[in-house]
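Reviewing the structure listed below.
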DNA sequence: CTCTAAGATGAAATCGGTTTCACAAATCAA
DNA sequence: TTGATTTGTGAAACCGATTTCATCTTAGAG
């Protein structure tokens with residue numbers, strides 16, 4: 002119903018006065034790290050309960066030097082992959098008594114830098130960078146420089162890799178994932194394999210391309226530049242990328258999408274060209290988000306243990322914040338999940 | 002790279018000392034709400050820049066009484082609808098100089114109550130409740146009671162409706178949305194219309210059911226309880242709900258899904274039964290998330306102006322926090338978007 | 001050339017906790 | 001019974017900003 006006059010906030014001083022003890026004693030009851038005579042302790046606890054008192058986290062954070070808060074910067078939570086990772090991360094942090102602030106950078110460097118500052122101001126105990134231009138190789142010098150500055154005051158965890166920057170990395174083994182997909186396709190007789198979506202200046206994407214390329218070479222398959230269409234990471238990118246492939250004289254028998262999101266666009270493009278998956282073209286992708294379950298046909302994709310992924314991110318961040326020394330680099334394993342979108346290469 | 006020894010944080014006292022002025026003067030330069038002799042001001046600014054100094058937000062929040070922070074509790078950001086709303090809300094808040102903390106309650110009341118406490122402790126200027134069991138009619142007494150308590154100290158904005166609770170409401174006009182879908186279906190000759198997904202104890206869902214029911218009655222169509230299958234709000238719920246409908250002797254010619262997410266499950270079920278959409282069955286849903294664009298066929302659904310929705314939520318929360326008196330209730334309009342999943346009723 | 005209002009600035013109080021320090025009281029060992 | 005611990009407690013300092021208050025300049029009006 003709108004406005005209500007707010008209650009006056011009560012403090013430990015109020016509690017102390019009414020309980021007839023000093024504020025210090027109330028604080029001792031609160032933190033529990035000192036002895037308080039039972040009788041007084043119970044009196045104080047009774048008052049805390051009665052007045053529904055909660056200690057002011059700002060004051061607490063100011064005197065201790067921890068806020069029990071993590072700052073997360075994601076490119077875009079609407080992307081199911083980030084949503085899943087964030088979710089897992091947030092739940093893990095919550096179990097460890099930490100709250101998280103979330104900011105969507107939309108992949109814009111200025112936004113990320115500004116938010117980095119803001120988290121620093123807010124005394125976040127650690128900052129987590131999910132994707133975005135974090136692992137950008139080209140702008141490495143620009144952005145990494147900024148991150149490097151932040152690292153000097155606050156621990157930073159990234160899901161990519163920043164060279165010459167003292168931050169922690171928890172990342173998926175993109176090469177291994179690509180290897181699993183390619184092996185799967187080779188096994189089904191595919192040789193004309195396309196790769197759609199992703200920017201080469203993002204480390205994970207770069208690693209995927211590297212692996213794709215070297216595996217084709219290893220099998221003596223001539224790599225055709227025409228089969229590689231880079232772009233973004235969403236539906237639109239997949240859709241446009243696949244349309245581009247259809248403009249070429251010979252079409253691929255299989256397409257590796259940079260992620261599930263792009264794969265859905267690829268499926269749409271193939272559908273609109275009157276072809277069917279996997280009979281005419283196989284489509285495989287990365288991430289095993291809920292999209293791979295709900296698209297028709299269901300997608301063959303690579304899965305990660307999201308709970309573990311999120312937990313490692315949160316635990317690394319928190320361990321660093323608390324001065325314990327977490328592993329500087331953690332790799333997340335990947336598993337191939339075969340569904341309906343991939344099958345034997347058609348005989349052309 | 003891992004651990005690095007952290008820089009000592011510098012404060013206005015450090016700046017003050019080096020500039021040869023008092024901390025008060027540095028503060029005045031920072032806030033800009035008092036005159037400082039140009040010469041000194043520039044000296045201070047120079048030092049602030051040189052040391053890359055940012056004022057401690059905790060200290061600031063403690064002395065002023067605003068933290069420029071909003072707390073958001075969502076059921077699950079992996080749900081594209083919440084992701085979109087959150088995103089819009091966060092961007093709007095950011096433009097107004099506010100940061101947001103996000104917590105996923107997974108729809109569990111205990112989680113919501115606990116987080117409500119935590120935001121109160123952290124002195125969030127306002128708390129925003131996106132969905133979840135917020136607008137729960139049945140447990141109203143339990144949960145609303147808790148919200149009511151929080152409202153006494155912090156403004157609360159909900160996207161549902163809580164009776165007898167002094168909080169602000171910014172919500173979608175669910176009845177209007179349902180009306181648009183039903184009119185669309187009636188226009189195409191549908192009469193045997195099913196409704197799948199959603200819990201009746203959530204206000205928006207309740208409103209949808211009410212409207213569905215009264216519109217059928219108004220047209221003199223006998224309402225069949227068999228055509229209403231409640232459940233959850235995700236893919237699985239839609240899938241199972243639709244399977245349930247298929248167990249019945251006569252199948253509907255059209256299905257209204259409680260949201261896009263559930264609609265994708267419905268599409269899958271229909272697909273598995275060897276039928277096609279919209280030739281055999283029309284499927285329509287709510288929310289126009291990116292799912293409605295990427296599913297095959299694309300979904301006919303109701304759209305809202307997400308930016309506006311998010312902006313109203315953020316602005317209402319902030320206005321309330323700053324003591325201005327925002328409208329207690331804001332309704333968001335809906336628009337019908339006709340895509341591929343709906344068509345004329347088949348002649349049976 | 002006064003007189004007054006505005007500008008400039010530091011000292012000190014405040015926000016709401018935690019923690020050190022000092023001292024008193026209770027417990028324990030010898 | 002006495003000295004050595006351990007327990008219990010309040011006063012006061014501290015965390016890092018903002019802001020009031022008082023004082024001192026300086027500028028502008030008449």
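Residue numbers (this note's numbering), protein chains in the order written: chain U, 2 to 349; chain W, 2 to 349. Glycine included, each C-beta is placed from N, C-alpha and C at the ideal position. Computed from a predicted structure; not experimentally measured.
To the nearest whole angstrom, what separates the beta carbons of residue 284 of chain U and residue 251 of chain U, a pair I think is in contact under 8 Å?
Going by Cβ atoms, the distance from residue 284 of chain U to residue 251 of chain U rounds to 17 Å, so no, they are not a contact pair.
Where residue 169 of chain W sits in the DSSP three-state scheme
strand
Excluding sequence positions up to five away, which residues of its chain have a Cβ less than 8 Å from the Cβ of residue 99 of chain W?
69, 70, 71, 126, 315, 319
Name, please, each residue of chain W whose Cβ falls closer than 7 Å to the Cβ of residue 58 of chain U.
122, 123, 124
Beta-carbon separation of residue 224 of chain U and residue 176 of chain U under 8 Å?
no
For the putative contact between residue 237 of chain U and residue 266 of chain U, defined by C-beta atoms under 8 Å, what is the C-beta separation to the nearest angstrom?
6 Å
Contacting residues, own chain, Cβ-Cβ under 8 Å from residue 23 of chain U (five flanking each side not counted)
17
Given a limit of 9 Å on CB to CB distance, which residues of the stretch 245-270 of chain U reach chain W?
262, 265, 266, 268, 269
Could you tell me whether the Cβ of residue 234 of chain U comes closer than 8 Å to any Cβ of chain W?
no
Can you tell me whether residue 333 of chain W is buried or exposed? The criterion is at least 16 other CB atoms within 10 Å of its CB, across all chains shown.
buried
Just to confirm, are residue 304 of chain U and residue 260 of chain U a CB contact at a threshold of 8 Å?
no
What does a CB cutoff of less than 7 Å around residue 87 of chain U pick up in its chain, not counting 5 residues either side in sequence?
73, 75, 78, 103, 131
If we count the other Cβ atoms within 10 Å of its Cβ and call it buried at 16 or more, is residue 44 of chain U buried or exposed?
buried
Would you say residue 350 of chain U lies against chain W (beta-carbon separation less than 8 Å)?
Outside the displayed span of chain U (2 to 349) sits residue 350 of chain U, for which this structure offers no information.
Chain W contact residues for residue 318 of chain U, given Cβ-Cβ distances below 9 Å:
In chain order: nothing, as chain W lies at least about 12 Å away.
In DSSP terms, what residue 128 of chain W is bridged to:
W:72, W:157
Can you give the Cα-Cα distance for residue 302 of chain U and residue 291 of chain U, rounded to whole angstroms?
11 Å
Taking its Cβ as the centre, do 16 or more other Cβ atoms sit within 10 Å of residue 113 of chain W, making it buried, or is it exposed?
buried
Quick one: which residues of the stretch 33-56 of chain U get their C-beta closer than 9 Å to a C-beta of chain W? List them in chain order.
53, 55, 56
Rounded straight-line distance, which links the Cα of residue 300 of chain W to that of residue 190 of chain U
35 Å
Less than 7 Å between C-beta atoms, sequence neighbours within five positions excluded: which residues of the same chain meet that for residue 355 of chain U?
Limits of chain U in this structure are 2 at one end and 349 at the other, which puts residue 355 of chain U out of reach.
Candidates U:34, U:59, U:66, U:64: which alpha carbon is nearest residue 63 of chain W's?
U:59
Complete runs of the alpha helix (DSSP H) confined to the stretch 160-242 of chain W [at least 4 residues]
175-188, 204-219
What are the residues of the stretch 94-114 of chain W that lie near chain U, defined by any Cβ-Cβ distance shorter than 9 Å?
95, 100, 101, 102, 103, 104, 105, 107, 112
Sheet register partners of residue 330 of chain W (DSSP bridge)
W:170
Assign residue 32 of chain U to buried or exposed, taking buried as 16 or more other Cβ atoms, counted over all protein chains shown, within 10 Å of its Cβ.
exposed
Whole angstroms is fine: what's the gap from residue 279 of chain U's alpha carbon to residue 195 of chain U's?
14 Å
Go to residue 64 of chain W, then tell me how far its alpha helix (DSSP H) extends in each direction, as first and last residue.
58-64
Chain-order list of residues whose beta-carbon lies under 6 Å from that of residue 20 of chain U (same chain, five-residue window excluded)
44, 45, 48
Closer than 7 Å by C-beta to residue 166 of chain W: which residues in its own chain qualify, once you throw out the five before and the five after it? Chain order, please.
145, 148, 149, 152
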